[in-house]
Amino acid sequence: MEVALLDAAAAQVQAEAWTEAKLLAEEAVHRIWDRLHLGKWSEVDVVWRKRFATACHLLAQCQVATTTDVAGAISTLDTGLLMAGPYGSVLHELMELLLEQVPEPTTPFDCGIKRHCFHPTYEHVALYPIPGCATGIECIDPPPLSVFHDTYMRPRRPVVIRGAMTHWPAMGGHRSWANLDYLKRVAGMRTVPIEIGSSYLDDDWSQTLMPLSQFIDEHVTTTSAAKGYLAQHALFEQIPQLRRDICIPDYCALSDDCTDEDDDEVVVNAWFGPANTISPLHFDPAHNLLCQVVGRKYLRLYAPTQSHEMYPVEGLLQNTSQVKVEAVDHEAFPSFGSAPYIECTLHPGDMLYLPPRFWHFVQALDVSFSVSCWYAQPKS
94 MEVALLDAAA AQVQAEAWTE AKLLAEEAVH RIWDRLHLGK WSEVDVVWRK RFATACHLLA
154 QCQVATTTDV AGAISTLDTG LLMAGPYGSV LHELMELLLE QVPEPTTPFD CGIKRHCFHP
214 TYEHVALYPI PGCATGIECI DPPPLSVFHD TYMRPRRPVV IRGAMTHWPA MGGHRSWANL
274 DYLKRVAGMR TVPIEIGSSY LDDDWSQTLM PLSQFIDEHV TTTSAAKGYL AQHALFEQIP
334 QLRRDICIPD YCALSDDCTD EDDDEVVVNA WFGPANTISP LHFDPAHNLL CQVVGRKYLR
394 LYAPTQSHEM YPVEGLLQNT SQVKVEAVDH EAFPSFGSAP YIECTLHPGD MLYLPPRFWH
454 FVQALDVSFS VSCWYAQPKS
């Protein structure tokens, strides 16, 4: 049924019968959307993601042709990109054409950085200290690849690398991400997924879609009762203009004896939000370089050997601790308070190497924009 709808919509688009094509494309989008939300996302056949991209591409063409609704068409294409992911390449060309039709804002371009949010210092801020348990993470200048590999990556030793991002356009100048006006101009109309709530473990946590400019206005530059966070999103796959503002660290080309030789992909995600956004204590499976572009973040790390003291959640979230670092229940989790940890404050331009399976808690101290680069995933 869905394939027939797509074929019929494509035929009507070819014939420029836009009203009929729009009705068919809308029905195809709705039907395939329902297909995508049956069962677990990880088990969805990629063919449905490709078909959803095709349906959104057809619908966006119809929206522009019938109503000149460029904003609506951009939103449709973004929905397709969000759901199709790497299978939505067909959408990028039309997106670029539509973005060229969006008029430039008439307000002056403010190149100034809001100093109260983005003034860099190197002072360490130790949150929620546990006496006798904390040690600072080593901070170094950018090492040669061989030194990084042998001294830090192979022995799985966390380290903060300072000064390795100075060449990123996002770090300063007219493409600085500290300038929220720049982010709005480049990507303000783009629809992005936003987490609402303090933590994905909380009952009131939810997700929603909204334009990036709305997210900035409602959650970043103003205080909102419900905290919003653009977290672990493939933003640079969705918006190539922002991808040009960063560089994949050379260290991501390295591997070790435990790496899956067939997996050389670097998974790059964005983390953008107001002060006090939190990622609860958890671990990730891959090597990670967390690159701090805007603002500061506090991180606390526990070694994989201390997993039994982290009280993992049972079931699908077993990589996440039940313990709230910001409000520890010592009666429920008695061993946690004696577990040694290492910590750091990331400043703009800092890059933290996080080895696989290191438990880590993250809290933004300011308005913050970070880029995570997962690489060299160990063999399962």
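Mapped onto the numbering used here, the consecutive letters of the sequence shown carry residue numbers 94 to 473.
We put the beta carbon where it would ideally sit given N, CA and C, even for glycine.
If you're wondering where the values come from, they're calculated on a predicted model, not measured in any experiment.
Asked, Found
"8 Å Cβ cutoff met for L220 and Q385", "no"
"DSSP-derived helix/strand/coil call for C384", "strand"
"Cβ pair A121, A148 closer than 8 Å", "yes"
"Cut-off 6 Å between Cβ atoms - residues of its own chain near P448, not counting five sequence neighbours on either side", "R249"
"Residue span of the beta strand (DSSP E) that contains I125, given as start and end", "From DSSP, I125 is part of no beta strand (DSSP E) but of the alpha helix (DSSP H) over 111-129."
"Under 8 Å between C-beta atoms of A284 and L273", "For the record, residue 284 in the displayed sequence is Thr; it is not Ala. No, the pair does not count as a contact, with Cβ atoms beyond the cut-off."
"Delimiting residues of the alpha helix (DSSP H) encompassing F376", "Looking at the DSSP string, F376 is not in any alpha helix (DSSP H), and its letter there is neither H nor E."
"C-beta contact flag for F426 and V416 at 8 Å", "yes"
"Three-state secondary structure (DSSP) of P333", "helix"
"Backbone CA spacing between G178 and L98 [nearest angstrom]", "22 Å"
"heavy atom of the ligand MG below 7 Å from M444 C-beta", "No copy of the ligand MG appears in this structure; indeed no ligand is present at all."
"Where M188 falls: helix, strand or coil (DSSP)", "helix"
"For Q399 and A432, believed in contact at Cβ under 8 Å, the rounded distance", "5 Å"
"Sequence-distant residues of its chain with Cβ nearer than 7 Å to V464 (five each side left out)", "I339, V361, A363, C384, V386"
"With 16 other Cβ atoms within 10 Å as the buried cut-off, status of P342", "buried"
"Cβ-based neighbour list, T169, same chain, cut-off 7 Å, excluding 5 preceding and 5 following", "C149, L152, A153, Q156"
"Straight-line gap, L191 to G408 (C-alpha atoms, nearest Å)", "44 Å"
"Per DSSP, cross-strand counterpart(s) of T301", "I287"
"Own chain residues within Cβ distance below 6 Å of W111, not counting five before or after", "C155, A158, T159"
"Reduced DSSP secondary structure (H/G/I, E/B, other) of C232", "strand"
"Buried versus exposed call for Y215 [16 or more other C-beta atoms within 10 Å across all chains shown]", "exposed"
"DSSP three-state assignment for R142, whether helix, strand or coil", "helix"
"With 16 other Cβ atoms within 10 Å as the buried cut-off, status of N515", "It is not possible to answer for residue 515, since the shown part of the chain is limited to 94 through 473."
"Whether C351 touches P251 by CB criterion (8 Å)", "no"
"Alpha carbon of E462 to alpha carbon of V313, nearest angstrom", "The question names Glu, but residue 462 in the sequence shown is Phe. Whole-angstrom Cα-Cα distance: 11 Å."
"Where R208 falls, given that 16 or more other Cβ within 10 Å makes a residue buried", "Reliability fails at R208, whose pLDDT of 40 lies under 50, so the model's placement of it is uncertain and no value is given."
"Boundaries (first-last residue) of the beta strand (DSSP E) holding G173", "Element bounds for G173: not the beta strand (DSSP E) but the alpha helix (DSSP H), 163-177."
"Neighbour-count burial assignment, Q331, 16 or more Cβ in a 10 Å radius", "buried"
"Backbone CA spacing between Y468 and I223 [nearest angstrom]", "32 Å"
"Contact under 8 Å by Cβ, L374 with F451", "no"
"Reduced DSSP category for T315 - H, G, I as helix; E, B as strand; rest coil", "coil"
"Closest Cα partner of C345 within the set L184, P237, V460", "P237"
"Alpha carbon of R389 to alpha carbon of T370, nearest angstrom", "11 Å"
"Own chain partners of V163 with C-beta closer than 7 Å, once the 5 adjacent residues on each side are dropped", "V157, L191, Q194, V195"
"Euclidean distance between Cα positions of G430 and T228", "15 Å"
"Spatial distance of V460 from G265 (CA atoms)", "16 Å"
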